[in-house]
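Numbering (UniProt numbering), first residue to last: 1 to 219.
Notes follow the structure.
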Amino acid sequence: MPEQRPDETGDVSERRQQGRPAVPPSRPRRTPPQQPVHHPTEQIDLRAGFPPVSNETTEIDLSQGLPAGLPLPPRRTRQGRRLGIDVGTVRIGVALSDPTGTLASPLETVERRRDGGDLDRIAALVVEHEVTEVIVGEPRHLSGASGASAREARAYSRSLAGRIGSVPVHLVDERLSTVTAASSLRANGLDSRAQRPVIDQAAAVVILQAYLDAQRGRS
Numbered sequence: 001m002p003e004q005r006p007d008e009t010g011d012v013s014e015r016r017q018q019g020r021p022a023v024p025p026s027r028p029r030r031t032p033p034q035q036p037v038h039h040p041t042e043q044i045d046l047r048a049g050f051p052p053v054s055n056e057t058t059e060i061d062l063s064q065g066l067p068a069g070l071p072l073p074p075r076r077t078r079q080g081r082r083l084g085i086d087v088g089t090v091r092i093g094v095a096l097s098d099p100t101g102t103l104a105s106p107l108e109t110v111e112r113r114r115d116g117g118d119l120d121r122i123a124a125l126v127v128e129h130e131v132t133e134v135i136v137g138e139p140r141h142l143s144g145a146s147g148a149s150a151r152e153a154r155a156y157s158r159s160l161a162g163r164i165g166s167v168p169v170h171l172v173d174e175r176l177s178t179v180t181a182a183s184s185l186r187a188n189g190l191d192s193r194a195q196r197p198v199i200d201q202a203a204a205v206v207i208l209q210a211y212l213d214a215q216r217g218r219s
């Protein structure tokens, strides 16, 4: 009787009678040997050091301004409401801009107080309207020289800055702001007596609007 191997096929009952498993075991698959992959490399001789590296730059003459056609990113203007202040010895005129910083409008008149209550009120307005900048008018003479009123405005701006934290306070030249405000009010039919309650606010509007216009011009 020929020798039977366990992996030979045949009838199941016959395989069992012969003591072989009913299902022949699977034969292991033979995988072809993988060939090694060679990556060509280039040999560099570093015995004399690294090869020289040349970093060439081009000098641009900016004495005549920026080159024509040079694209520049647009200047970003700070968004948010601004507060304009006209500092007086008796009253403080306050103006407020819109959120885009485009148009100034009268807000209110604050009475000066020896206990600093006017500063507290303005600081509260900064918080209430989420003001990003405060603009204080610095009155100067027509010649540009500063006098007692300018020194008073600078001192007031310092006191206010100490109460409003990180909100910046800017001093701007406000020559003739009150005169301009009075002329505008007269053009709207208000005489000098009717102007008194609102003249300080109108002066603050002139100060703030001039600042907003200058900022847009720079952008």
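Yeah, the Cβ is synthetic: ideal placement off N, Cα and C, and Gly gets one too.
All values derive from a computational prediction rather than experimental measurement.
Nearest chain B C-beta to Val87 closer than 7 Å, yes or no? The structure shown has no chain B; it contains just one protein chain.
Nearest candidate by alpha-carbon position, reference Gly137, set Ala210, Gln34, Asp45 and Glu42: Position 137 of the sequence shown holds residue 137. It is Ala210.
Leu212 to Glu133, Cα distance in whole Å? Counting from 1 along the sequence shown, the entry for residue 212 is found at position 212. Counting from 1 along the sequence shown, the entry for residue 133 is found at position 133. So the alpha carbons of these two residues sit roughly 11 Å apart.
Please check the pair Glu130 and Gly80, which I expect to be a contact at CB under 8 Å, by giving their CB distance rounded to whole angstroms. Within the sequence shown, numbered from 1, the residue matching residue 130 stands at position 130. Within the sequence shown, numbered from 1, the residue matching residue 80 stands at position 80. Glu130 to Gly80, Cβ: 7 Å. Contact.
For Glu138, which of helix, strand or coil comes out of DSSP? Taking the sequence shown and counting its residues from 1, the one referred to as residue 138 is at position 138. Note: Glu138 maps to strand in three-state DSSP.
What's the call for Asp86, buried or exposed, on a 16-neighbour Cβ count within 10 Å? One-based indexing of the sequence shown puts residue 86 at position 86. The residue in question, Asp86, is buried, as its Cβ has 16 or more Cβ neighbours within 10 Å.
For Leu171, report the span of its beta strand (DSSP E) as first-last. Your numbering for residue 171 matches position 171 in the sequence shown. Segment Val169 to Asp173, the beta strand (DSSP E) holding Leu171.
Nearest-angstrom Cα separation, counted from Arg114 out to Ala124: To locate residue 124, count along the sequence shown from 1; it is residue 124. To locate residue 114, count along the sequence shown from 1; it is residue 114. Answer to the nearest angstrom: the Cα atoms are 18 Å apart.
Limits of the alpha helix (DSSP H) - the one that Ile85 falls within: Mapped onto the sequence shown, residue 85 falls at position 85. First-last for Ile85: Arg81 to Val87, but that is the beta strand (DSSP E), not the alpha helix (DSSP H).
The alpha helix (DSSP H) with Glu42 in it runs from where to where? In the sequence shown, the residue the question calls residue 42 occupies position 42. First-last for Glu42: undefined, no H or E at that position.
Among the residues of its own chain, which have a CB less than 7 Å from the CB of Leu208, if the five just before and after it don't count? Counting from one through the sequence shown, the residue named residue 208 turns up at place 208. Excluding sequence neighbours, Leu208 sits near Arg82, Gly84, Ala95, Ser97, Ala104 and Ile135.
Around the Cβ of Gln201, are there at least 16 other Cβ atoms within 10 angstroms (buried) or fewer (exposed)? Within the sequence shown, numbered from 1, the residue matching residue 201 stands at position 201. With 16 or more Cβ atoms within 10 Å of its Cβ, Gln201 is classed as buried.
CB-CB length for Val169 against Leu160, believed under 8 Å: Position 169 of the sequence shown, counting from 1, holds the residue named residue 169. Position 160 of the sequence shown, counting from 1, holds the residue named residue 160. Val169 to Leu160, Cβ: 6 Å. Contact.
Go ahead and pull the three-state DSSP assignment for Ala194. Taking the first residue of the sequence shown as 1, we reach residue 194 at position 194. Any reading at Ala194 is ruled out, since the residue's pLDDT is 48, under 50, leaving its predicted position unreliable.
Straight-line CA distance for Gly101 to Arg216? Start at 1 with the first residue of the sequence shown, and residue 101 comes out as number 101. Start at 1 with the first residue of the sequence shown, and residue 216 comes out as number 216. C-alpha separation (whole angstroms): 9 Å.
Classify Gly116 as buried or exposed, calling it buried when 16 or more other Cβ atoms lie within 10 Å of its own Cβ. To locate residue 116, count along the sequence shown from 1; it is residue 116. By the neighbour-count rule (16 or more Cβ atoms within 10 Å), Gly116 is not buried but exposed.
Who are the near neighbours of Asp120 in its chain, counting only those whose CB is closer than 8 Å to its CB and skipping five residues on each side? Counting from 1 along the sequence shown, the entry for residue 120 is found at position 120. Same-chain partners within the cutoff: Arg163.
I need the boundaries of the beta strand (DSSP E) containing Glu108, first residue and last residue. Residue numbering aside, residue 108 sits at position 108 when the sequence shown is read from its first letter. Ala104 to Glu111 is the extent of the beta strand (DSSP E) around Glu108.
Between the alpha carbons of Val205 and Arg91, how many angstroms are there, rounded? Position 205 of the sequence shown, counted from the first residue, corresponds to residue 205. Position 91 of the sequence shown, counted from the first residue, corresponds to residue 91. So the alpha carbons of these two residues sit roughly 15 Å apart.
Environment of Thr41 [buried if 16+ CB atoms lie within 10 Å]: One-based indexing of the sequence shown puts residue 41 at position 41. Exposed is the call here.
Can you tell me the Cβ-Cβ gap for Glu174 and Pro139, rounded? I've got them flagged as a contact below 8 Å. The count along the sequence shown starts at 1 and reaches residue 174 at position 174. The count along the sequence shown starts at 1 and reaches residue 139 at position 139. Rounded, the Cβ-Cβ distance is 5 Å, consistent with contact.
Which class does Glu128 belong to by DSSP, given the choice of helix, strand or coil? Taking the first residue of the sequence shown as position 1, residue 128 is located at position 128. Under the three-state reduction of DSSP output, Glu128 falls in the helix class.
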